[in-house]
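Structure record follows, encoded as structure tokens.
Protein chains: 2
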Amino acid sequence: MRVLEHPEQEAIGLDAVLAALADPIRRRIVCQLADGHDDQACIAFGLPVSKSTSTHHFRVLREAGVIAQHYRGTAILSSLRADDLDARFPGLLASVIAAERTTGSPVR
Amino acid sequence: MRVLEHPEQEAIGLDAVLAALADPIRRRIVCQLADGHDDQACIAFGLPVSKSTSTHHFRVLREAGVIAQHYRGTAILSSLRADDLDARFPGLLASVIAAERTTGSPVR
DNA sequence: ATCGTAGTACGATGAATTCCGTACGTTAAA
DNA sequence: TTTAACGTACGGAATTCATCGTACTACGAT
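From first to last, the protein sequence lines are chains A and B. Per numbering that gives the first Met the number 0, the first sequence starts with residue 0, numbered consecutively. Per numbering that gives the first Met the number 0, the second sequence starts with residue 0, numbered consecutively.
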């Protein structure tokens, strides 16, 4: 089983996090995770992009330290690293999610 | 005197704001403005880039709606649009500034 | 053992970004 | 009026990014 690299909490960088959250598709993923959908495969997010592009976006989020991923069978389950993010950048994730909810495009 | 375009408060986009704040030079500008240095010309920020690159970064911040700019003589004074940002994306600017202060590179 | 599903690797492409230097415009000061 | 200061416009080079298709691997189910 392949190993999925995750940055340690102290290694999470503001540049990477903000850049990761600057993309609407990635914010959509984050919002769905925040809604509690951390038990579904990447493919089940219904993103309007190809499978390989989807892989790319999940990887950017993981390498930035925004999400954690682990295998379950052939699927990968993702979850928000809300605690790590809030410890390092207090309030940041919450304000971005709130902003996306109020001004972003509705999902579907 | 040339006109400096600024987006209306309702037209400020989360994509543009996050992308603008994802750059360390631009966060440095924002932090200096938050420190009250809104009475100095762009050139006085002591940025480690050329004059034309500096112009570029200030323009990105202005067009994203993060800062306001107006001429005074040949100089341009910039200020944070903290109220507009907080109205549209509550808490976002504050958390980014706090994050930059605690984890970013110190400004000289 | 075969097949299907979830995701990855790789390479390509086009668009956007970062940065620079040079030349120019506008305004204030000498 | 001449000069200096501040910023812009433009063009170019290097880099990064989002996206895709195709081919592949890993795992589970049949």
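Don't be surprised by glycine CBs; every beta carbon is placed ideally from N, CA and C. Fair warning: this is a prediction, and the values are worked out from it, not measured in the lab.
Q.
Using only the alpha-carbon positions, how far apart do residue 44/B and residue 83/A sit?
A. 33 Å
Q) Would you call the stretch 48-60 of chain B and the stretch 19-30 of chain B touching, i.e. three or more CB-CB distances under 8 Å? A) yes
Q. Could you give the C-beta distance for residue 95/A and residue 76/B, rounded to a whole number, given that I count them as a contact under 8 Å?
A. Rounded to the nearest angstrom, the Cβ distance from residue 95/A to residue 76/B is 29 Å, too far for a contact under 8 Å.
(Q) Going by DSSP in three states, residue 39/A sits in which element: helix, strand or coil? (A) coil
Q. Looking at the C-beta of residue 98/A, does it have a partner C-beta in chain B at a distance below 7 Å?
A. yes
Q: Please decide whether residue 94/B counts as near chain A, where near means a Cβ-Cβ distance under 7 Å.
A: yes
Q.
Whole angstroms are fine: how far does the CA of residue 17/B sit from the CA of residue 81/B?
A. Going from the Cα of residue 81/B to the Cα of residue 17/B covers about 14 Å.
Q) residue 13/B and residue 98/A look like a contact to me (Cβ under 8 Å); what is the Cβ gap, rounded to whole Å? A) 5 Å
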